[in-house]
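Asks:
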Amino acid sequence: MSDTLTTGFVAEAMRAKGYDVRPGPDVPVTGGAADSRNVMPGDLFTAFPGENVDGNDYVPAAIANGAVAVICERAPEDVGDCTVVVAPNATRAVGELAHAWRMECNPKVVGITGTVGKTTAKEMTAAVLAAQFRTHKSEGNFNSREGLPLALMSLRRDHEVSVLEMGMDSAGEIVELCEIARPDVGVVLNIGLTHVSKLGSIEAIAREKLSLARWLPEKATAILNLEDPRIADAAHELRCRVIGFGQAVAHREGRMELTYGEYTSERLAGSRFWVSAGPNSNYRVDSPLPGEHTVPAVLTALCAGMALGMRLVDACNAVGKTNVSGRSRTLAGINGSTVIDDRYNASPASVAGALRLLRENRNGTRIALLGKMAELGDFEREEHKRMGTMAKTCADILASFGPLGRIIIDAAVVAGMTDAHWFETKEEASAYVASRATEGSTILVKGSRSEALETILPLLEAKP
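Under my numbering, residues 0 to 463 are what the sequence shown spells out, in order.
#1: Note down the Cα distance separating GLY191 from THR119, rounded to an integer number of angstroms.
#2: Assign ASP56 to one of three DSSP states: helix, strand, or coil.
#3: Please tell me whether GLU265 and LYS371 are closer than 8 Å, where the distance is taken between their beta carbons.
#4: Between PRO278, THR263 and ALA303, which has its C-alpha nearest GLY243's C-alpha?
#5: How big is the Cα-Cα spacing for ILE455 and LYS445?
#6: According to the Cβ coordinates, are VAL84 and ILE70 closer than 8 Å?
#7: Taking the CB atoms as reference points, tell me whether GLY79 and GLY41 lie closer together than 8 Å.
#8: Can you find the residues in the same chain that come closer than 6 Å, C-beta to C-beta, to VAL160, ignoring five residues on each side of it along the sequence?
#9: Determine the closest residue to ALA92 out of ASP56, CYS104 and PRO148, with distance taken between C-alpha atoms.
#10: Rounded to whole angstroms, what is the Cα-Cα separation between GLY260 and ALA46?
#11: Whose CA, out of GLU164, GLU178 and ASN224, lies closest to the CA of VAL187?
#12: Taking DSSP as the reference, what is the three-state secondary structure of MET165?
#13: Any contact of the segment 384–393 with the segment 354–361, i.e. 3+ C-beta pairs under 8 Å?
#14: So THR337 and THR329 are in contact, right, with Cβ under 8 Å, and what is the actual spacing, rounded?
#15: Along the alpha helix (DSSP H) that carries CYS177, what are the first and last residues, could you check?
#16: Please classify GLU450: does DSSP put it in a helix, a strand, or coil?
#17: Which runs of the beta strand (DSSP E) spanning at least 3 residues fall entirely within the segment 306–339, listed in chain order?
#18: Pairs of beta-carbons, one from the segment 405–420 and one from the segment 309–318, closer than 8 Å: are there three or more?
#19: Indicate the three-state DSSP secondary structure (helix, strand or coil) for THR293 in the structure shown.
#20: Who are the Cβ neighbours of ARG240 in its own chain at under 6 Å, not counting the five residues just before and after it?
#21: Please confirm if the segment 374–383 is in contact with the segment 284–291, defined as three or more CB-CB distances below 8 Å between the two stretches.
#22: Over what stretch of residues does the beta strand (DSSP E) that includes CYS71 continue unbroken?
#23: Output the distance between the C-alpha atoms of GLY415 and MET389, rounded to the nearest integer angstrom.
#24: So for PRO278, helix, strand or coil by DSSP?
#25: If you drop the 5 nearest sequence neighbours on each side, which residues of the same chain put their C-beta closer than 6 Å to that of ALA296?
#26: Below 8 Å between beta carbons: does that hold for VAL58 and VAL26?
#27: For ALA353 and LEU452, which I take to be in contact (beta-carbon distance under 8 Å), what is that distance rounded to the nearest angstrom?
#28: With H, G and I counted as helix, E and B as strand and the rest as coil, what does DSSP make of HIS383?
#29: Three or more C-beta pairs closer than 8 Å, one from the segment 171–179 and one from the segment 204–222: is that the case here?
#30: Could you spell out where the alpha helix (DSSP H) holding ARG342 opens and where it closes?
#31: From this set, ALA12, VAL162 and MET309, which residue's C-alpha is nearest ALA99's C-alpha?
#32: Pull up the distance between the alpha-carbon of ASP377 and that of GLY199, whole angstroms please.
#33: Taking 7 Å as the limit between beta carbons, can you name the residues of its chain near SER35, skipping five residues before and five after?
#34: Would you kindly report the start and end of the unbroken beta strand (DSSP E) that includes LYS445?
#35: Taking DSSP's pairing of strands, which residues face GLY243 in a bridge?
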């Protein structure tokens with residue numbers, strides 16, 4: 000019996016659900032893809048319909064690129080040896096397949112949700128657990144009702160643990176992901192304003208994020224950031240075991256808590272702090288992740304290790320041996336500066352964390368180039384003002400651009416910052432930042448993905 004998913008298993012599982020299955024040879028399935036351009040030989044391709052692009056139109060391209068199985072809503076004409084599943088709803092069908100394969104392999108599943116930091120927490124958790132278990136993890140940002148099932152296509156029967164990121168942009172999505180993945184451990188990192196324009200309120204976001212913990216059965220474990228008041232308030236309602244973490248956590252009888260203190264910044268090289276799970280249980284953690292805002296990702300990994308039977312000391316030692324870098328990258332910058340490339344996304348919490356990291360770098364001029372934050376709805380103006388006010392305490396020079404950038408700069412000036420500058424375009428802003436960079440400067444680049452800040456990085460990077 001193969002350790003990997005096979006087209007034979009795909010055909011059998013999908014036929015059991017009543018779908019039209021056209022089987023090909025029984026060969027291994029090594030991964031999943033939803034973009035025909037990213038299909039690798041051995042992948043299962045799912046043709047999701049979209050508002051602008053219909054994946055069903057790209058089934059022939061996926062097969063040409065090596066897909067050995069396809070789930071689609073319209074039967075293609077020429078499939079060669081590819082196993083094809085035709086279903087009225089491809090999203091539902093691939094979810095059912097992923098669930099069947101997860102139950103077949105039967106690993107312990109760790110599901111991680113939160114407004115910011117999910118990917119870093121997933122990477123750190125998988126790295127720590129890999130010190131003791133054969134560990135699978137979701138790749139990239141495969142964390143949605145379409146993406147998470149594809150992440151499970153690379154699960155193997157010999158995996159003991161699977162670490163999965165669980166995202167959402169609509170009500171009910173987290174529970175859907177739980178029904179597919181059946182987590183044994185559920186992590187709620189934090190609750191913030193991302194997607195508030197879609198869900199309507201911070202309370203609605205909290206309900207959705209906490210639905211992971213509320214879904215967990217009695218014998219499962221919820222890992223909760225108890226420094227977030229909305230998460231802490233919900234902790235006592237849960238039927239499952241709870242492990243809480245934070246810097247200052249009130250003890251509750253019957254609950255395990257992991258606290259941290261004595262944080263020391265190693266600037267961009269990482270950080271050091273101590274953790275305690277009670278009397279005579281104090282250990283030093285040397286984390287490769289810079290910035291105190293990354294500590295919850297490490298605590299998540301330590302708690303997950305304890306939940307699955309690792310000794311805390313072993314989990315702490317494993318952190319120091321990882322090479323997890325988080326979303327941000329450190330680049331050699333122009334004129335001997337250093338660039339913190341943290342442009343993957345931007346929310347109030349992630350911007351605050353990035354600015355605090357910039358503040359920790361006190362050896363040279365600190366420069367922040369900030370783009371807008373997206374999907375904030377009615378909170379948009381207020382949160383961009385808050386960004387500007389905070390930048391005054393964290394940066395020596397501030398640059399921003401566009402309509403929301405004007406709000407950032409105005410707020411910084413009102414707060415007393417004199418070296419704050421607004422520009423119409425990101426190109427003008429980055430050119431100005433490049434002109435101010437000197438030996439030892441640290442430049443933070445942060446903004447929403449929609450800003451496409453990767454296009455201005457060449458202006459800030461060191462020339463070959």
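For glycine and all other residues, C-beta sits at the position ideal for the given N, C-alpha and C. Treat the numbers as computed from the prediction; the structure is a model and nothing was measured.
Replies: On the basis of the supplied data:
#1: In the sequence shown, counting from the first residue as 1, residue 191 sits at position 192. In the sequence shown, counting from the first residue as 1, residue 119 sits at position 120. Answer to the nearest angstrom: the Cα atoms are 17 Å apart.
#2: To locate residue 56, count along the sequence shown from 1; it is residue 57. Reduced to three states, the DSSP call for ASP56 is helix.
#3: What you label residue 265 is simply residue 266 of the sequence shown in a count that begins at 1. What you label residue 371 is simply residue 372 of the sequence shown in a count that begins at 1. For GLU265 and LYS371, no; Cβs fall outside 8 Å.
#4: In the sequence shown, the residue the question calls residue 243 occupies position 244. Nearest of PRO278, THR263 and ALA303 to GLY243, Cα basis: ALA303.
#5: Taking the first residue of the sequence shown as 1, we reach residue 455 at position 456. Taking the first residue of the sequence shown as 1, we reach residue 445 at position 446. Distance between the alpha carbons of ILE455 and LYS445 is about 12 Å.
#6: Looking up residue 84 in the sequence shown gives position 85. Looking up residue 70 in the sequence shown gives position 71. In contact: VAL84 and ILE70 (Cβ atoms closer than 8 Å).
#7: In the sequence shown, counting from the first residue as 1, residue 79 sits at position 80. In the sequence shown, counting from the first residue as 1, residue 41 sits at position 42. No. Outside cutoff.
#8: Here residue 160 is taken as the residue at index 161 of the sequence shown, counted from 1. The residues are PRO106, LYS107, LEU128, PHE132 and THR134.
#9: Taking the sequence shown and counting its residues from 1, one reaches residue 92 at position 93. Ranking the options by Cα distance to ALA92, first place goes to PRO148.
#10: Here residue 260 is taken as the residue at index 261 of the sequence shown, counted from 1. Here residue 46 is taken as the residue at index 47 of the sequence shown, counted from 1. Distance between the alpha carbons of GLY260 and ALA46: 48 Å.
#11: By 1-based counting over the sequence shown, the position of residue 187 is 188. The residue with the shortest Cα to Cα distance from VAL187 is ASN224.
#12: Here residue 165 is taken as the residue at index 166 of the sequence shown, counted from 1. The answer is coil: DSSP assigns MET165 none of H, G, I, E or B.
#13: yes
#14: As a working mapping, residue 337 is identified with position 338 in the sequence shown. As a working mapping, residue 329 is identified with position 330 in the sequence shown. Right, their Cβ atoms sit about 6 Å apart.
#15: Taking the first residue of the sequence shown as 1, we reach residue 177 at position 178. 172–180 is the span of the alpha helix (DSSP H), which, as asked, contains CYS177.
#16: Here residue 450 refers to the residue found at position 451 of the sequence shown. Reduced to three states, the DSSP call for GLU450 is helix.
#17: Counting only runs of 3 or more, we get 328–331.
#18: no
#19: As a first step, residue 293 is located in the sequence shown; it is residue number 294 there, counting from the start. In the structure shown, THR293 sits in a helix (DSSP, three-state: H, G or I).
#20: Translated into the one-based positions of the sequence shown, residue 240 becomes position 241. Cβ within range, chain order: THR220.
#21: no
#22: If you number the sequence shown from 1, residue 71 lands on position 72. Taken as a continuous stretch (DSSP letters only), the beta strand (DSSP E) holding CYS71 covers 68–71.
#23: Numbered from 1 along the sequence shown, position 416 holds the residue referred to as residue 415. Numbered from 1 along the sequence shown, position 390 holds the residue referred to as residue 389. So the alpha carbons of these two residues sit roughly 11 Å apart.
#24: In the sequence shown, residue 278 corresponds to position 279, counting from 1. Reduced to three states, the DSSP call for PRO278 is coil.
#25: Taking the sequence shown and counting its residues from 1, the one referred to as residue 296 is at position 297. GLY116, THR119, ALA120 and MET123, listed in sequence order.
#26: In the sequence shown, residue 58 corresponds to position 59, counting from 1. In the sequence shown, residue 26 corresponds to position 27, counting from 1. Not a contact, by the Cβ cut-off of 8 Å.
#27: As a position in the sequence shown, residue 353 is number 354, starting the count at 1. As a position in the sequence shown, residue 452 is number 453, starting the count at 1. With 8 Å as the limit, ALA353 and LEU452 do not qualify as a contact, their Cβ atoms being about 13 Å apart.
#28: As a position in the sequence shown, residue 383 is number 384, starting the count at 1. Three-state DSSP puts HIS383 in a helix.
#29: yes
#30: As a working note, residue 342 is residue 343 in the sequence shown. Here ARG342 belongs to no alpha helix (DSSP H), and DSSP marks it neither H nor E.
#31: Position 100 of the sequence shown, counting from 1, holds the residue named residue 99. Comparing Cα-Cα distances from ALA99 to each of ALA12, VAL162 and MET309, the minimum goes to ALA12.
#32: For the purposes of this step, residue 377 is taken as the residue at position 378 of the sequence shown. For the purposes of this step, residue 199 is taken as the residue at position 200 of the sequence shown. Their Cα atoms are separated by approximately 9 Å.
#33: The residue given as residue 35 occupies position 36 in the sequence shown. So the qualifying residues of the chain are PHE44, TYR57, ALA60, ALA61 and ASN64.
#34: Stepping through the sequence shown from its first residue, residue 445 is reached at position 446. Here the beta strand (DSSP E) through LYS445 covers 441–445.
#35: Here residue 243 is taken as the residue at index 244 of the sequence shown, counted from 1. DSSP lists LEU223 and GLU256 as partners of GLY243.
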